[in-house]
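Novice:
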Amino acid sequence: MKVLVLHSHPVEESYGAALHRQTIESLKGAGHEVDDCNLYAEGFDPVLSRQDRVIYHDYPGNIEAVKSYVERLQRAEALVIVTPVWNFGFPAILKGYFDRVWLPGVSFELVDGKVRSKLQHIRKLGAVLTYGADPFRAFIAGNPPKKIVKRVLRAQIKPFAPVVFLAHYDMNRSTDETRGLFLDKVKREMARF
Ligand SMILES: Cc1cc2nc3c(=O)[nH]c(=O)nc-3n(C[C@H](O)[C@H](O)[C@H](O)COP(=O)(O)O)c2cc1C
Numbered sequence: 001m002k003v004l005v006l007h008s009h010p011v012e013e014s015y016g017a018a019l020h021r022q023t024i025e026s027l028k029g030a031g032h033e034v035d036d037c038n039l040y041a042e043g044f045d046p047v048l049s050r051q052d053r054v055i056y057h058d059y060p061g062n063i064e065a066v067k068s069y070v071e072r073l074q075r076a077e078a079l080v081i082v083t084p085v086w087n088f089g090f091p092a093i094l095k096g097y098f099d100r101v102w103l104p105g106v107s108f109e110l111v112d113g114k115v116r117s118k119l120q121h122i123r124k125l126g127a128v129l130t131y132g133a134d135p136f137r138a139f140i141a142g143n144p145p146k147k148i149v150k151r152v153l154r155a156q157i158k159p160f161a162p163v164v165f166l167a168h169y170d171m172n173r174s175t176d177e178t179r180g181l182f183l184d185k186v187k188r189e190m191a192r193f
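Take 1 as the starting number for the sequence shown in the UniProt record's numbering and just add one per residue.
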């Protein structure tokens, strides 16, 4: 499959970056064609400007400023997100990617006021997340990133597409052992994605 990988960690030496490298390596090893979209490395601008908002609904003019990102999304048959959790959401650069690239006419269209998905060519979704919080704290907070993946994004791709959700919780108390085990899990799961 053509897999678009979205990555949003600013530090190359981080554990999050290691998870990203492992994800890419395992997907490629399994024969997938990977488009590695490393948002920080590419200098993606996540700010939806005044002008962007004014023309937000005006397809196809609305895609001009982010055309290459739209084309990469349109080519994808699967999507994998590799990111830390910040303020129980995605880092701003990744949130801004969705704001600016998943536009009317690209990810959805309005037909008689109803939303119709335009990303049904994406038939599998994966997420590799790290949380500082333990699972209970994340649960009490409502675990928004998990819902974004399993409900919000999933609702916009092929109906009933499978989701592979992998998370290392409790990073604040992680050890070499827990990090190694999770890296192995990512290696295994992405090798059979
Ligand atoms: C700006 C910022 C906000 C954070 N907010 C949360 C949060 O709301 N919930 C949580 O579980 N962890 C939070 N964390 C912890 C990160 O998820 C954790 O540091 C990261 O997953 C560890 O991966 P890394 O060492 O590769 O950065 C936050 C960290 C930062 C830097």
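Every residue, glycine too, gets a C-beta built ideally from N, C-alpha and C.
Which residues does DSSP pair with S26 in a beta bridge?
Specialist: Partner(s): none; S26 has no beta bridge.
Novice: With the cut-off set at 9 Å, would you say V47 and V3 are in Cβ contact?
Specialist: In this structure, V47 lies away from V3, with their beta-carbon atoms at least 9 Å apart.
Novice: Judging by CA-CA distance, which residue of L181, G132, Y59 and L166 is the nearest neighbour of F193?
Specialist: L166
Novice: Measuring CB atoms only, is the region 36-55 touching the region 145-164, in the sense that at least three cross pairs come out at less than 8 Å?
Specialist: With contact defined as three or more Cβ pairs closer than 8 Å, the region 36-55 and the region 145-164 are not in contact.
Novice: Could you tell me the distance, in whole angstroms, from the CA atom of V85 to the CA atom of P162?
Specialist: Looking at the two C-alpha atoms, the distance is approximately 22 Å.
Novice: If you measure between the beta carbons of residue 236 and K124, is that distance less than 9 Å?
Specialist: In the structure as shown, the chain starts at 1 and stops at 193, and residue 236 therefore has no counterpart that could be examined.
Novice: In angstroms, rounded to a whole number, what distance separates the CA positions of L183 and A65?
Specialist: 36 Å
Novice: With a 10 Å radius around its C-beta and 16 neighbouring C-beta atoms as the bar for buried, classify L119 as buried or exposed.
Specialist: buried
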